[in-house]
Structure formats: structure tokens, C-alpha cells
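Visitor: Sequence lines, in order, name chains A and B. Residue numbering for the first sequence follows the numbering used here, starting at 1 and increasing by one per position. Residue numbering for the second sequence follows the numbering used here, starting at 1001 and increasing by one per position. All C-beta atoms in this analysis are idealised placements derived from N, C-alpha and C, irrespective of residue type, glycine included.
Protein chains: 2
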Amino acid sequence: MKNELVNYILNHTELSNELENIVIESSNIRTYKKGTLVLNEKSIANESFLVLKGCIRSYLIADGEEKTLEIYTEGQPIMPKNYGKELPTEHFLECIEDSVVNAGSKAFEEQMLQKYPQFQSICRIIGEVIMSKQQELFFSYKLASPEDRYLHLTETRPDLLQRVPQYQIASYLGLTPQSLSRIKKRLLN
Amino acid sequence: MKNELVNYILNHTELSNELENIVIESSNIRTYKKGTLVLNEKSIANESFLVLKGCIRSYLIADGEEKTLEIYTEGQPIMPKNYGKELPTEHFLECIEDSVVNAGSKAFEEQMLQKYPQFQSICRIIGEVIMSKQQELFFSYKLASPEDRYLHLTETRPDLLQRVPQYQIASYLGLTPQSLSRIKKRLLN
């Protein structure tokens, strides 16, 4: 399991054998059962996560309704709202499946970067990749029609359609379950 | 003008006097006239920018229409699509006003980080701030109704309404100019 963390880093940048061992030794792997609420809107978000296995949904409650913000699966980093700040996070994190994550914290990060400054550039490079992916995702969401958004999901993350309940997929796409059903019917014809 | 770059960094993290001088010496300030196309969809995006003064719009052309992706003003970083990759950027960058920017490139960044590793942590910290702001922007866009999006803009960036043509504001909010007019009328009543 631990090697997943190393693989994630290697997907983005190089890692010396020495650093690879440090990553393995310092990893903080945690296992959650399906249904676990990893974070509650009122909590302080001290931790960020990398999903190693499973599926975790972030959402908030507005006007009494759950609004799905993101659905994280293998290889995706989770940075909760207000991470590292002394403020309630306002978001929920819920395991849609049994999940395995690596957990980090600002304090631990700072400590590691102090001790092993070689991680500075690794963090910076991976940060840039995440930033650019996030920007792309936002722009493509903004430009796409609801139907295109659904099609884009079927192309880029087809597994989600099997793993996540339909009403959560709808909410993730910014749609009502009814609109999503209509779109799917239209596309079938 | 150059101090704007230092101020930007100081807004997010500390900077020793030595590093402050290095930032000033290594800055690459550029001035553009209103209407300048800083980047064309077919170009390779070798440079990223920090807007020091003025207003720059990023857009793409889809189905023969300009779609505004982002409007950058003072203190906002611009990372064009495919920045640092050997691929056409697919986006345009156009100056809505006479503008002053600091321009950077991956090669120059790497060179600076090699020479002054102290910048690693500064880049990482600022990257995290940008990432978290970007995520917030995406989530709030996703959750908001068109009317709420407009209201959010009037609260968070009221200057844009004076600086940017109405049809570009509409496109930025994912609306047609007609829908935006209707929303504005409704809110006036």
C-alpha cells in the first residue's frame, strides 16, 4: 500500500532512493470504512489527504440540500476548505467506499521540509501540476453545457458512474437528478 | 513599479532583505498597450505573468464565439493553459487596459531556484494559496445560481463592472448578454 504514495510522487517528478525511503517511513496511512465521515463542516481541517484506494466525496449543505463539490478517487489529493486555518471547514468528507488514504498536516509538512529540504521542490512541482489540472477542470466546467459535462465525465472518469449513486453524480455535475435522467435518455436515443 | 512584485510576495510570506533585492533585480517588468494580444491560441505559452497594473482577459474561441475564462487584475497570477509544455496554449490573453506585468518562465524559475534555493519554500507557499483560492472559486461558481454569481462579482470585484465591457462580464459569468441584462433589471426592481 505504502508504495502508492511513492508512485504518486514518481508520476510527477523524480525521487532519489533516499527520499523514497523517507516517504515510506513518514507516510501516515489510514483506513476508513464505507460511510465514514472523515470531516464534518464544523471541524477544523487539520489534515489533507491523498486517496490511495477507494472513493471519498466532499459536499456541503446549502438550503437543506447536499451539494457535491468533488469526488476523489485513487491518486487524487484532497485539500479541504480552510485547511490549516483556525476556522470550521464548512465542508463534509464522506467515504463512498472503504478507503485508504495518506494523511498529512501543515505542521508535519513544515517539519519534514525543515528536515529534508529536498522535498521543497517536489512539493512545488506537484503543486503546480495540481494547480494546472484544477484550472483546466474549472474552465471546462464553465464552458460545457450540462450534456457536455456528463459526456466529459463518461470519457474521463467512467468508473465514477459505477461507484457513486446517481443523485450524487447529478449534484457533482451541477444538475438535478431529473435533468441528469433526461440527459441520459436523450443520449441513448 | 518593481516593488509591487515584492509586495505581492510579502502579502503571502516573509522575505529577507537579501531576497527582496534579488526579487527586484531579477524582475522582468513588461508594459502592454490596451488591446495587445499577449498570447494567441496557437502560440506556445513559455511565460506566466503577475499583473502589476491593468486588466488582462483570457478567453478561447468555441463555435465561433469568444468565451471569457478569467479576468485578471492587480495582484493576480496568470498561468496560461499548457504553460511550459510544447503544445499550443489554446487560449488568448488580451489587455483590456494598458497593463504592466512581471513575466516569468519555467527555465528562468528553475535557474533562480537552483541559485537561490530559499525561493523554493516561497514558491510552494504562494502556490498553495493560489491553489486554495482557485478551488474556492470553482466550488462557489458551481454552487451559485447565475444571479448569485453576478451578486458575488459585485461584492468581491466591483471594479470589474467598470473596467470590462458588459458582454465580456456576461461571458465570464457563463451567461449570455441578454441573461445578464435580465438579471440586472430584476435586481434593480
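Can you check DSSP and say which residues form a bridge with SER99 of chain A?
Guide: Its beta-bridge partners are A:TYR32.
Visitor: Provide the residue span of the beta strand (DSSP E) that contains GLU1074 of chain B, from first to last.
Guide: Run containing GLU1074 of chain B: none; DSSP gives neither H nor E here.
Visitor: Residue range of the beta strand (DSSP E) that SER1058 of chain B falls in?
Guide: Run containing SER1058 of chain B: 1056 to 1062, per the beta strand (DSSP E) assignment.
Visitor: Could you name the residues of chain B that ALA62 of chain A contacts, counting a contact when the two beta carbons are closer than 8 Å?
Guide: Ordered by position in chain B, the residues that pass the 8 Å Cβ test against ALA62 of chain A are LEU1143.
Visitor: Any Cβ of chain B within less than 8 Å of the Cβ of PHE139 of chain A?
Guide: Yes, PHE139 of chain A counts as interfacial toward chain B.
Visitor: Expressed to the nearest angstrom, what Euclidean distance is found between the alpha-carbon atoms of CYS123 of chain A and ARG1186 of chain B?
Guide: Whole-angstrom Cα-Cα distance: 47 Å.
Visitor: For the beta strand (DSSP E) containing GLU47 of chain A, list its first residue and its last residue.
Guide: First-last of the beta strand (DSSP E) with GLU47 of chain A: 47 to 53.
Visitor: Can you give the Cα-Cα distance for GLU47 of chain A and ALA103 of chain A, rounded to whole angstroms?
Guide: Taking the straight line joining both Cα atoms gives about 6 Å.
Visitor: Nearest chain B C-beta to SER192 of chain A closer than 8 Å, yes or no?
Guide: Any answer about residue 192 of chain A is impossible in this case: the structure gives chain A only from 1 up to 189.
Visitor: Taking GLN135 of chain A as the query, report the chain B residues whose CB atoms sit under 8 Å from its CB, ordered along the chain.
Guide: MET1079, LYS1081, GLN1134, listed in chain order.
Visitor: When burial is assigned at 16 or more other CB atoms within 10 Å of the CB, is SER1058 of chain B buried or exposed?
Guide: Burial call: buried.
Visitor: For the alpha helix (DSSP H) holding VAL6 of chain A, just list the boundary residues, first then last.
Guide: It spans 3 to 10 - the alpha helix (DSSP H) in which VAL6 of chain A sits, taken as one unbroken run.
Visitor: Distance check for ASN189 of chain A and ILE1078 of chain B, CA to CA, integer angstroms please.
Guide: ILE1078 of chain B and ASN189 of chain A: Cα-Cα distance of roughly 42 Å.
Visitor: Would you mind reading off the limits of the beta strand (DSSP E) that contains VAL1038 of chain B?
Guide: Its beta strand (DSSP E) spans residues 1037 to 1039.
Visitor: I need the straight-line Cα distance from LYS115 of chain A to PRO1117 of chain B, nearest angstrom please.
Guide: Whole-angstrom Cα-Cα distance: 15 Å.
Visitor: I'd like the list of long-range same chain contacts for ARG30 of chain A, defined as Cβ closer than 6 Å, with 5 residues on each side in sequence excluded.
Guide: Closer than 6 Å at Cβ, skipping near neighbours: VAL101, ALA103.
Visitor: So is ARG182 of chain A in contact with chain B if we call contact Cβ pairs under 8 Å?
Guide: Chain B contact via Cβ: absent.
Visitor: From this set, B:TYR1167, B:PHE1138, B:VAL1129, B:PHE1139, which residue's C-alpha is nearest LEU1010 of chain B's C-alpha?
Guide: For the residues B:TYR1167, B:PHE1138, B:VAL1129, B:PHE1139, the minimum Cα distance to LEU1010 of chain B belongs to B:VAL1129.
Visitor: Could you tell me which of A:LEU143, A:GLY127, A:GLN166 sits nearest to ASP1063 of chain B, measuring between CA atoms?
Guide: When only C-alpha atoms are compared, the closest one is A:LEU143.
Visitor: Please state whether DSSP places PRO88 of chain A in a helix, a strand or coil.
Guide: It is a strand residue.
Visitor: Give every residue of the same chain whose Cβ lies closer than 7 Å to the Cβ of THR1068 of chain B, excluding the five residues on either side of it in the sequence, and list them in chain order.
Guide: These residues qualify, in order along the chain: ARG1057, TYR1059, GLN1168, SER1171, TYR1172.
Visitor: Taking the Cβ atom as the reference point for each residue, do LYS1034 of chain B and ILE1096 of chain B lie within a distance shorter than 8 Å?
Guide: Contact: yes.
Visitor: Can MET1112 of chain B and SER1026 of chain B be called in contact, C-beta distance under 8 Å?
Guide: Yes.
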